[in-house]
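Undergrad:
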Amino acid sequence: MAVLKFEKALSRLETIVSELEGGELSLDESLKIFEEGVKLSKTCLKMLDDAERKVEILVQDKDGRKRIQAFSVEDSNSTES
Amino acid sequence: MAVLKFEKALSRLETIVSELEGGELSLDESLKIFEEGVKLSKTCLKMLDDAERKVEILVQDKDGRKRIQAFSVEDSNSTES
Amino acid sequence: MAVLKFEKALSRLETIVSELEGGELSLDESLKIFEEGVKLSKTCLKMLDDAERKVEILVQDKDGRKRIQAFSVEDSNSTES
Amino acid sequence: MAVLKFEKALSRLETIVSELEGGELSLDESLKIFEEGVKLSKTCLKMLDDAERKVEILVQDKDGRKRIQAFSVEDSNSTES
Amino acid sequence: MAVLKFEKALSRLETIVSELEGGELSLDESLKIFEEGVKLSKTCLKMLDDAERKVEILVQDKDGRKRIQAFSVEDSNSTES
Amino acid sequence: MAVLKFEKALSRLETIVSELEGGELSLDESLKIFEEGVKLSKTCLKMLDDAERKVEILVQDKDGRKRIQAFSVEDSNSTES
Amino acid sequence: MCLSNSSHVPGLFPSLLTVSALTRQIRSTLEQNFPSLWVEGEISNLRCPSSGHRYFTLKDQSSQIRAVLFRSQVERLKFVLQDGLEVFVLGRVSVYEPRGDYQLLLEALEPKGIGALQLAFLQLKAKLEAEGLFEPARKKSLPQYPQRIGLVTSPVGAAIHDLLTIMHRRWPFAQVLIAPVAVQGDEAVGQIVGAIQALNELGELDVLIVGRGGGSLEDLWAFNEECVVRAIASSRIPVVSAVGHETDVTLSDLAADCRAPTPSAAAELVVPDCFTVRHHLGHHQVRLERSMRSMIAARTVRVQVQTGRLPEPRLMLGKFVQQVDDLERQLYVRMKHWCRNLQMRLLSHQSAIWERNPLYEIHRQQRALIERGTRLVRGISGCILAKRHQTELWVSQLNQLSPLAVLARGYSIVHSLRDGKVVKKSTDVSAGESVRARLHEGELICLVQRTHPPS
Chain A
76 MAVLKFEKAL
86 SRLETIVSEL
96 EGGELSLDES
106 LKIFEEGVKL
116 SKTCLKMLDD
126 AERKVEILVQ
136 DKDGRKRIQA
146 FSVEDSNSTE
156 S
Chain B
76 MAVLKFEKAL
86 SRLETIVSEL
96 EGGELSLDES
106 LKIFEEGVKL
116 SKTCLKMLDD
126 AERKVEILVQ
136 DKDGRKRIQA
146 FSVEDSNSTE
156 S
Chain C
76 MAVLKFEKAL
86 SRLETIVSEL
96 EGGELSLDES
106 LKIFEEGVKL
116 SKTCLKMLDD
126 AERKVEILVQ
136 DKDGRKRIQA
146 FSVEDSNSTE
156 S
Chain D
76 MAVLKFEKAL
86 SRLETIVSEL
96 EGGELSLDES
106 LKIFEEGVKL
116 SKTCLKMLDD
126 AERKVEILVQ
136 DKDGRKRIQA
146 FSVEDSNSTE
156 S
Chain E
76 MAVLKFEKAL
86 SRLETIVSEL
96 EGGELSLDES
106 LKIFEEGVKL
116 SKTCLKMLDD
126 AERKVEILVQ
136 DKDGRKRIQA
146 FSVEDSNSTE
156 S
Chain F
76 MAVLKFEKAL
86 SRLETIVSEL
96 EGGELSLDES
106 LKIFEEGVKL
116 SKTCLKMLDD
126 AERKVEILVQ
136 DKDGRKRIQA
146 FSVEDSNSTE
156 S
Chain G
6 MCLSNSSHVP
16 GLFPSLLTVS
26 ALTRQIRSTL
36 EQNFPSLWVE
46 GEISNLRCPS
56 SGHRYFTLKD
66 QSSQIRAVLF
76 RSQVERLKFV
86 LQDGLEVFVL
96 GRVSVYEPRG
106 DYQLLLEALE
116 PKGIGALQLA
126 FLQLKAKLEA
136 EGLFEPARKK
146 SLPQYPQRIG
156 LVTSPVGAAI
166 HDLLTIMHRR
176 WPFAQVLIAP
186 VAVQGDEAVG
196 QIVGAIQALN
206 ELGELDVLIV
216 GRGGGSLEDL
226 WAFNEECVVR
236 AIASSRIPVV
246 SAVGHETDVT
256 LSDLAADCRA
266 PTPSAAAELV
276 VPDCFTVRHH
286 LGHHQVRLER
296 SMRSMIAART
306 VRVQVQTGRL
316 PEPRLMLGKF
326 VQQVDDLERQ
336 LYVRMKHWCR
346 NLQMRLLSHQ
356 SAIWERNPLY
366 EIHRQQRALI
376 ERGTRLVRGI
386 SGCILAKRHQ
396 TELWVSQLNQ
406 LSPLAVLARG
416 YSIVHSLRDG
426 KVVKKSTDVS
436 AGESVRARLH
446 EGELICLVQR
456 THPPS
């Protein structure tokens, strides 16, 4: 799953949605690709969640956070003076 | 039963209906295929029910819960509209 | 990390900003360089902190202490006046 | 260090200040010359301390001390009157 | 030092004082001529002391004694008036 | 010193006093002529102190040769009386 | 001489006389009648030939007579003859035969009105004055502190006694050399001149005192003698004259470099007062010392002033300390500034990265994903629903065609239990067999009691 790129997954999902919307499939096939689609969608969501979490972690770094505020204050002061 | 594809069953049902409509059958034969037809129709409906349940199950995964409900709601909404 | 020059890091940061602004990246790539960017910026800040600390240490020994404070006061006075 | 002339040191210190002001240096280089500058300034101050001690000794000879103070007083009086 | 004439020494001392007051000198030069100045001043005072002692010796024999005291009184009176 | 006339000595002494009082001389020269002056003055006083009464008479021998011999005032007195 | 010779020749021819005889008679007559006699007159046409005799005319308002003064007489004169001089002369009348001139042969000559000495004095004074002998410019200054003093005077008498006494009292330092001379009489002039010259020759004398005590003009006359005056004037050693009393001024006084009225006065004039000199010396010593000390004091003050102007070491070095401090401060400020600059740049990059963080994209993708999920579910639902509709359609048709309706009308179907075949003829079963009859509702299991053949 790790090697599956997000974009590829998304593209596959799109195909699946189209096929399902086409309505030409047998119930079995529909179910099968639906299942695949759901899994893909979940995988993608997880990937996004992971990315989001990662970004949030990166962004919400204790030291980083503070410093940025400190800098901002300092910066604003220095530009004021 | 497992191997019986929904579409084949539905097709058989269609054949039965046609044969019954033909009226060429003895009562007994009619009764027989009628009974077969009834069984087939039950099978088909069950397969559909199963499929729906499977969809539900697929959608209602652990973390999926909320989102799926959203989907569901969305779904119901979208079907309503 | 020690061999990474501050200026190189800063230049890399600039590239990262450009690439992020370009918006041509895949989610993976975006994430990757965003992470790199954040880490680089933290590294750079640390280097600056270290540099600043070093500056303070160099200046603040024994009798240096007083003098620097005197300077600071003097400096602020002179800029006020 | 003894052979380093005060003026040469001071001139070097001035060059360093100018270079720092120019801002063309890398952080590493800046730090390096800043450190050099701080050392130079301490060296200079030490030279001045040494010089002062030497001069004090010259001036504070046995009866020299008194005389010079006497002169000072006399001098200040004469300038007052 | 013995060959150095008092007037030359005094004149040199005056030059030194002027130069030091001018304040255009380097530290080394300042120190050097300050030292020279202090030494010159001591030398001059010593020469004057020697001269005074010589005067005393020349004047103070046998009946010279009395006369000198008389002179001194006379001298101090004349400067007071 | 015997050949030095008292008058010459006194005149030199006067010159010395004038020169010293003129104050145009260097310390060395002053000391030198002061010493000379003091010695001259002492010499003069000594000459006065040591002066012995000496009266001579120029007599002419039979053969016309002139000769100097002592003369006492008493002689003249005695011849008078 | 010639005249005196002719005066001894007697006259032999009274009636006829030769010029010479007559002249001789006239001469003897004159000489007999006019023996020595005093005549008063004024000198004129004075001639002084090299013979040393003097020829002149003696005249008054209306007459004149030739006169001769022979050399021996001339030499005895104190004064000098000159035209216009009113004189009394003692002489005999005689004739100068070669010319027949009568004339007075003079034995003595006195100036009229003043004494001869007086006249001589005045004449010599005038002469020497004309020569410039008395010029103040010629006069040498006296030594202030003479060591050796020559005395040209009489070694006896009160004068020298007083002089020596005073001199020794005032100036014991002086050495006196007496050149004894007669101060009057014939020898005086020669001795005085000799003594002056001898003392000059001796040298080493600082001053000469030439003089004597008071006396009459005659007594003092030697000091008016020309050679004495000249000796004094030409002395290389300064000469102080001390002749007679205050009122008597001799030519020596005038010629001397300095005149003292009396020998005692000369002593005071020539030598300084010892006490004064000592005082003077002492004063010099005071001035020497005072000026030396004040010089030293002045120099000391100068040195002290200059030393005082030497800067305080701290002040002198303070300038440099300030320079270093200033540079150090600048260094620090610049470095801080530089660090801050870098920080600002870094922060701007950081915030740019922050601003471009992938959250937005992530959220967008999330939304897209959700949308796709919705479509997915909708798709499968639609699919299932369609199939259900179809199925239900067929089921309803099936139900419409149900053979069970025949049964509902009262028909039933009988199956042989033995072979399960539908029993269509009575012969299909035998009595005693069981059959099943399917009714519209429910079934019956029936025992065949009998069979009836078709009719």
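Protein chains in written order, with this note's numbering: chain A, 76 to 156; chain B, 76 to 156; chain C, 76 to 156; chain D, 76 to 156; chain E, 76 to 156; chain F, 76 to 156; chain G, 6 to 460.
Here a beta-carbon is modelled for each residue, glycine too, at the ideal position from N, C-alpha and C.
Any beta carbon of chain F sitting closer than 8 Å to that of Q311(G)?
TA: Not an interface residue.
Undergrad: Could you confirm whether any beta carbon from chain D is found closer than 8 Å to the beta carbon of W343(G)?
TA: Closer than 8 Å: yes.
Undergrad: For the pair the segment 110-128 of chain E and the segment 305-313 of chain G, tell me if three or more CB-CB distances fall below 8 Å.
TA: With the cut-off at 8 Å, the segment 110-128 of chain E and the segment 305-313 of chain G touch.
Undergrad: Looking at C-beta atoms only, is the number of pairs between the segment 329-345 of chain G and the segment 95-110 of chain D that lie closer than 8 Å three or more?
TA: With the cut-off at 8 Å, the segment 329-345 of chain G and the segment 95-110 of chain D touch.
Undergrad: Report the residue from L85(B), S101(B) and V130(B) whose alpha carbon sits nearest the alpha carbon of L398(G).
TA: It is L85(B).
Undergrad: Using a Cβ-Cβ distance under 8 Å, would E82(A) count as near chain C?
TA: With 8 Å as the cut-off, E82(A) counts as an interface residue toward chain C.
Undergrad: Could you please give me the residues that DSSP links to S439(G) through a beta bridge?
TA: Per DSSP, L452(G).
Undergrad: Any beta carbon from chain G within less than 8 Å of I91(C)'s own beta carbon?
TA: Yes, contact with chain G.
Undergrad: What's the C-alpha gap between F132(F) and P141(G)?
TA: Sequence inspection shows Ile at residue 132(F); the Phe mentioned does not correspond to that position. C-alpha separation (whole angstroms): 31 Å.
Undergrad: Between the alpha carbons of C119(B) and S93(B), how many angstroms are there, rounded?
TA: The straight-line gap from Cα to Cα measures roughly 18 Å.
Undergrad: Since W43(G) is in the beta strand (DSSP E), which residue starts that stretch and which ends it?
TA: Segment L42 to R52, the beta strand (DSSP E) holding W43(G).
Undergrad: Sort out for me which residues DSSP pairs H420(G) with in a bridge.
TA: According to DSSP, which records beta bridges pairwise, H420(G) is partnered with V427(G) and R441(G).
Undergrad: With H, G and I counted as helix, E and B as strand and the rest as coil, what does DSSP make of V92(G)?
TA: If DSSP states are grouped into helix, strand and coil, V92(G) belongs with the strands.
Undergrad: For G218(G) and A203(G), what's the separation of their Cα atoms in angstroms?
TA: G218(G) and A203(G): Cα-Cα distance of roughly 22 Å.
Undergrad: Give a yes or no on whether the minimum CB-CB distance between E110(A) and chain B is below 8 Å.
TA: Yes, contact with chain B.
Undergrad: At least one CB of chain E closer than 8 Å to the CB of V113(D): is that the case?
TA: No, its Cβ sits nowhere closer than 8 Å to a Cβ of chain E.
Undergrad: Using the Cβ count rule (16 or more neighbours within 10 Å means buried), how would you classify W226(G)?
TA: Result: buried.
Undergrad: Can you tell which of V453(G), Q348(G), R423(G) and Q454(G) has the C-alpha that lies nearest to the C-alpha of D124(C)?
TA: Of V453(G), Q348(G), R423(G) and Q454(G), the residue nearest in Cα terms is Q348(G).
Undergrad: Is there at least one Cβ from chain A nearer than 8 Å to L133(B)'s Cβ?
TA: By this cut-off, L133(B) is an interface position.
Undergrad: Going straight from the alpha carbon of D253(G) to that of L147(G), what length do you get?
TA: Roughly 22 Å separates the two Cα atoms.
Undergrad: Would you mind giving the Cβ-Cβ distance between S101(D) and K80(C), rounded to the nearest angstrom? I have them listed as a contact below 8 Å.
TA: With a Cβ gap of about 7 Å, S101(D) and K80(C) count as contacting.
Undergrad: Could you name the residues of the same chain whose beta carbon sits closer than 6 Å to that of V276(G), not counting the 5 residues immediately before and after it, in chain order?
TA: Answer for V276(G): M172, R175, W176 and A179, listed in chain order.
Undergrad: So for I183(G), helix, strand or coil by DSSP?
TA: The answer is strand: DSSP assigns I183(G) an E or B state.
Undergrad: So if I threshold CB-CB distances at 7 Å, which residues from the segment 171-202 of chain G count as touching chain F?
TA: Under the 7 Å Cβ criterion, the segment 171-202 of chain G contributes H173, P177, F178, Q180, V181, L182, I183, A184 and P185.
Undergrad: Tell me, please, whether the CB atom of S101(F) is closer than 8 Å to any CB atom in chain E?
TA: So, interface residue.
Undergrad: Which residues in chain B sit within 7 Å of L106(A), going by Cβ to Cβ distance?
TA: The answer, in chain order, is A126 and K129.
Undergrad: So what does DSSP say about S122(G), is it helix, strand or coil?
TA: The sequence shown places Leu at residue 122(G), not Ser. Reduced to three states, the DSSP call for L122(G) is helix.
Undergrad: Which class does S246(G) belong to by DSSP, given the choice of helix, strand or coil?
TA: Strand at S246(G).
Undergrad: Step through the CB atoms of chain G and report whether any lies within less than 8 Å of the CB of E94(E).
TA: Judged by the 8 Å Cβ criterion, E94(E) is not in contact with chain G.
Undergrad: Return yes when the Cβ of L95(D) is within less than 8 Å of the Cβ of R350(G), no when it is not.
TA: Contact: no.
Undergrad: Note down the Cα distance separating G208(G) from P40(G), rounded to an integer number of angstroms.
TA: Distance between the alpha carbons of G208(G) and P40(G): 57 Å.
Undergrad: State the Cα-Cα distance for the pair H445(G) and I418(G), rounded to the nearest angstrom.
TA: About 9 Å.
Undergrad: What are the residues that DSSP puts in a beta bridge with S99(G)?
TA: DSSP, once it has assigned bridges, lists Q108(G) as partnering S99(G).
Undergrad: When we look at the beta-carbon of L390(G) and count the other beta-carbons within 10 Å, is it buried (16 or more) or exposed?
TA: L390(G) should be labelled exposed.
Undergrad: G98(E) versus chain G: which residues are under 8 Å apart at the beta carbon?
TA: Within 8 Å Cβ-Cβ: K324.
Undergrad: Would the beta-carbon of V245(G) fall within 8 Å of that of D262(G)?
TA: Contact: yes.
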